[in-house]
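Enquirer:
Number of protein chains: 2
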Amino acid sequence: MDEEFTDENYTVRDDMPDGTEGEHEHRHEHHQQVLARLARIKGHVRAIKRMVENDTSCPDVLTQIAAVRSALNSVGRVILEDHLQSCMVDAVEKDDYKRALKDLKNSLDKFIG
Amino acid sequence: MDEEFTDENYTVRDDMPDGTEGEHEHRHEHHQQVLARLARIKGHVRAIKRMVENDTSCPDVLTQIAAVRSALNSVGRVILEDHLQSCMVDAVEKDDYKRALKDLKNSLDKFIG
Chain A
9 MDEEFTDENY TVRDDMPDGT EGEHEHRHEH HQQVLARLAR IKGHVRAIKR
59 MVENDTSCPD VLTQIAAVRS ALNSVGRVIL EDHLQSCMVD AVEKDDYKRA
109 LKDLKNSLDK FIG
Chain B
9 MDEEFTDENY TVRDDMPDGT EGEHEHRHEH HQQVLARLAR IKGHVRAIKR
59 MVENDTSCPD VLTQIAAVRS ALNSVGRVIL EDHLQSCMVD AVEKDDYKRA
109 LKDLKNSLDK FIG
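Protein chains in written order, with our numbering: chain A, 9 to 121; chain B, 9 to 121.
#1: Can you give me, in chain order, the residues of the region 71-103 of chain A that have a beta carbon less than 8 Å from any beta carbon in chain B?
#2: Within the continuous alpha helix (DSSP H) that includes B/Thr-71, where are the two ends?
#3: 8 Å is my cut-off, CB to CB: does A/Leu-109 come that close to chain B?
#4: Can you give me the C-alpha to C-alpha distance between A/Gln-41 and B/Lys-106, rounded to a whole angstrom?
#5: DSSP three-state call for B/Arg-35: helix, strand or coil?
#6: Counting only beta-carbon atoms, is A/Lys-50 nearer than 8 Å to chain B?
#7: Establish whether the CB of A/Glu-61 and some CB of chain B are separated by less than 8 Å.
#8: Assuming the contact rule is C-beta atoms closer than 8 Å, B/Leu-80 and A/Arg-54 should be a hit. Round their C-beta distance to whole Å, please.
#9: For B/Lys-102, which of helix, strand or coil comes out of DSSP?
#10: Can you tell me the Cα-Cα spacing of B/Asp-68 and A/Glu-61, whole angstroms?
#11: Do you know how far the Cα of B/His-52 is from the Cα of A/His-36?
#12: Output, in chain order, the set of chain B residues within a Cβ distance shorter than 8 Å of A/Lys-177.
#13: Closer than 8 Å, CB to CB, is A/Lys-118 near chain B or not?
#14: Drop a sphere of 10 angstroms on the beta-carbon of B/Leu-112, count the other beta-carbons inside from all chains shown, and report buried for 16 or more, exposed for fewer.
#15: Can A/Asp-63 and B/His-38 be called in contact, C-beta distance under 8 Å?
#16: Report all residues from its chain with a CB closer than 7 Å to the CB of B/Ile-87; omit the five preceding and five following residues, and keep chain order.
#17: Could you give the DSSP three-state label for B/Asp-117: helix, strand or coil?
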């Protein structure tokens with residue numbers, strides 16, 4: 009997945025799932041770790057914005073963007089690991105694995121690219 | 009670049025360049041657009057953290073992480089375009105292109121991966 013985001017089409021979508029329906033019935037092993045990592049990633053993006061505001065050299069900014077991207081890949085892998093260990097096992101036990109596999113495939117298509 | 013970030017080694021480094029030395033002598037064409045995109049990316053990461061807090065399904069979370077990654081790639085390309093159009097031209101005119109090319113190469117190694 010490498011679609012072009014423009015100022016016009018890149019928005020945090022209003023219809024982004026917010027999970028208020030409580031789709032999970034269980035907690036993941038790495039739940040707190042994932043939240044901590046996402047908090048740090050948010051802080052890292054804020055720091056990069058400050059670098060741009062302060063006219064830091066472009067190569068330094070690009071290097072930090074690459075670091076955030078790696079951190080996103082890393083937290084994604086942790087989420088995926090938790091998902092396979094808990095959600096997928098749940099889905100199989102509830103005989104709901106076909107839908108679960110379809111959702112996972114669609115998501116992996118985007119995550120792996 | 010796909011190094012593993014762990015809780016131990018992933019921090020927003022204290023020695024991250026903050027550009028307070030004013031390394032740029034010029035403004036980029038897309039300066040404001042880059043700042044706006046980074047602000048939206050930060051908001052997007054915050055929204056993903058909220059999804060995890062609210063136990064949104066893992067495939068939905070992974071999909072949004074992939075979207076942020078694409079947005080980072082996109083803003084990186086804009087920064088790179090500005091850099092080539094202004095910083096690199098400046099460096100050549102000031103006969104400082106060898107250092108500029110070396111910095112750019114090191115950064116691209118990380119950004120392109």
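For each residue, glycine too, the CB sits at the ideal point set by N, CA and C.
Expert: This is what the structure holds:
#1: Thr-71, Gln-72, Ile-73, Ala-74, Ala-75, Val-76, Arg-77, Ser-78, Ala-79, Leu-80, Asn-81, Ser-82, Val-83, Gly-84, Ile-87, Leu-88, Asp-90, His-91 and Cys-95
#2: Sequence index remark: in the second sequence, residue 71 of chain B carries index 63 (1-based). Element bounds for B/Thr-71: 66-90.
#3: Residue 109 of chain A sits at position 101 when you count from the first residue of the first sequence. No - not a single Cβ of chain B is within 8 Å of the one on A/Leu-109.
#4: Numbered from 1 along the first sequence, position 33 holds the residue referred to as residue 41 of chain A. Numbered from 1 along the second sequence, position 98 holds the residue referred to as residue 106 of chain B. The straight-line gap from Cα to Cα measures roughly 43 Å.
#5: Taking the first residue of the second sequence as 1, we reach residue 35 of chain B at position 27. Coil at B/Arg-35, not helix or strand.
#6: Against the first sequence, residue 50 of chain A aligns to sequence position 42. Cβ-Cβ to chain B under 8 Å: yes for A/Lys-50.
#7: Working through the first sequence from its first residue, we reach residue 61 of chain A at position 53. Taking Cβ atoms only, chain B reaches closer than 8 Å to A/Glu-61, which makes this a yes.
#8: Taking the second sequence and counting its residues from 1, one reaches residue 80 of chain B at position 72. Taking the first sequence and counting its residues from 1, one reaches residue 54 of chain A at position 46. That belief does not hold up - the Cβ atoms of B/Leu-80 and A/Arg-54 are roughly 14 Å apart, past 8 Å.
#9: Translated into the one-based positions of the second sequence, residue 102 of chain B becomes position 94. In the structure shown, B/Lys-102 sits in coil (DSSP, three-state: anything other than H, G, I, E or B).
#10: Translated into positions along the second sequence, residue 68 of chain B becomes position 60. Translated into positions along the first sequence, residue 61 of chain A becomes position 53. Approximately 32 Å, taken between the alpha carbons.
#11: Position 28 of the first sequence, counted from the first residue, corresponds to residue 36 of chain A. Position 44 of the second sequence, counted from the first residue, corresponds to residue 52 of chain B. Each residue's alpha carbon lies about 22 Å from the other.
#12: Only positions 9 to 121 of chain A appear in this structure, which leaves residue 177 of chain A out of reach.
#13: In the first sequence, the residue the question calls residue 118 of chain A occupies position 110. It does; some Cβ of chain B falls within 8 Å.
#14: Residue 112 of chain B sits at position 104 when you count from the first residue of the second sequence. Answer is buried; the Cβ neighbour count reaches 16.
#15: Locating residue 63 of chain A in the first sequence gives position 55, where the first residue counts as 1. Locating residue 38 of chain B in the second sequence gives position 30, where the first residue counts as 1. Contact flag unset, no.
#16: For the purposes of this step, residue 87 of chain B is taken as residue 79 along the second sequence, with counting starting at 1. Within the same chain, B/Ile-87 has close Cβ partners Val-42.
#17: In the second sequence, residue 117 of chain B corresponds to position 109, counting from 1. Helix, per DSSP.
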